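Single-structure report; data block below.
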Amino acid sequence: MKVQILDKTFVPYISQDEIEAAVKRLTHQMNEELKDSCPLFVCILKGAVFFFADLMENIDIPHNMTFFRISSYTGTQSSGNVRAAKPFPRPVEGRTVVIVEDIVETGNSMHFLRTKLLELGAKEVRIAALFFKPGKCKKELTIDYCGFEITDEFIVGYGLDYCEQGRELPSIYQLAPEEGADEGSNG
Numbered sequence: 001m002k003v004q005i006l007d008k009t010f011v012p013y014i015s016q017d018e019i020e021a022a023v024k025r026l027t028h029q030m031n032e033e034l035k036d037s038c039p040l041f042v043c044i045l046k047g048a049v050f051f052f053a054d055l056m057e058n059i060d061i062p063h064n065m066t067f068f069r070i071s072s073y074t075g076t077q078s079s080g081n082v083r084a085a086k087p088f089p090r091p092v093e094g095r096t097v098v099i100v101e102d103i104v105e106t107g108n109s110m111h112f113l114r115t116k117l118l119e120l121g122a123k124e125v126r127i128a129a130l131f132f133k134p135g136k137c138k139k140e141l142t143i144d145y146c147g148f149e150i151t152d153e154f155i156v157g158y159g160l161d162y163c164e165q166g167r168e169l170p171s172i173y174q175l176a177p178e179e180g181a182d183e184g185s186n187g
């Protein structure tokens, strides 16, 4: 089933069931690997909210959580300049921190935030991303918890948007081939 969002057409790409299976796989891995650390989970707003909520529902180890906003995008293209919306809201010194992001593409935002958290004294910083585009990543970065590795599709749904639309879709849709592949990045 095609979905029309503003001036673009999107086609099914990853089903809700596939997303749920990936979330369960990742939370099982996190529960096992992080059971002795009481990690701080950091949700990157806005796109990661759906992923974050589903992860937190399945995390059964002691943990804390917070929300943070960083920005590097103008429209559908990365500006290359990463900035934090405000200072980091919680102490991280000596903590294991897990950054929860919807999609890692260039890696600029995750590299920036990981560096800042380590400067603030985090014991270790791990990255959880539902989607990772390794072919676009410009930074040396380890995605510790990866739901899906994808190529350069522009995708919407499950928190990801096109011009602030389409976040509510329970599945993932990609830009229809006839729309062209030059639409840029998700973030």
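Residue 1 is where the sequence shown starts when you use the working numbering, and the numbers rise one by one after that. No residue lacks a Cβ here, since even glycine has one placed at the ideal position from N, Cα and C. Since the model is a prediction, treat every value here as computed from it, not as a measurement.
With a threshold of 6 angstroms on Cβ separation, who are the neighbours of residue i within its own chain once the five nearest residues in sequence on each side are excluded?
i	result
L45	F67, R69
V98	P39, F41, R126, A128
S15	S171
F132	V104, I143, C146, E149
T74	Only weak support exists for where T74 lies, its pLDDT of 49 falling under 50; the coordinates are left without a value.
L169	G157
R167	G159, D161
Give me whichever residues DSSP pairs with residue i in a beta bridge.
i	result
R126	V98
C163	For C163, which the question treats as bridged, DSSP gives no partner whatsoever.
K8	I5
Y13	Y13 is not bridged to any residue.
E214	Within the shown structure, residues of the chain are numbered from 1 to 187, placing residue 214 beyond reach of any answer.
I103	F131
CB-CB under 8 angstroms to residue i, same chain, minus the five flanking residues each way: which ones, in chain order?
i	result
Y145	L26, Q29, M30, V98, R126, I127, A128, A129
V92	L40, L117, L120, G121, A122
Going by the CB atoms, is the gap between residue j and residue i shorter than 8 angstroms?
i	j	result
N58	K24	yes
I19	K35	no
K123	T96	yes
The segment 157–170 touching the segment 27–38, judged by at least three CB pairs closer than 8 angstroms:
Too few Cβ pairs lie closer than 8 angstroms, so no.
Using 8 angstroms as the threshold, is the segment 46–59 in touch with the segment 132–144, meaning 3 or more CB pairs across them?
Contact between the segment 46–59 and the segment 132–144 is absent, because fewer than three Cβ pairs lie under 8 angstroms.
Every unbroken beta strand (DSSP E) within the segment 27–71, with a cutoff of 3 residues, ordered by chain:
List check, beta strand (DSSP E) in window: 40–44, 64–68.
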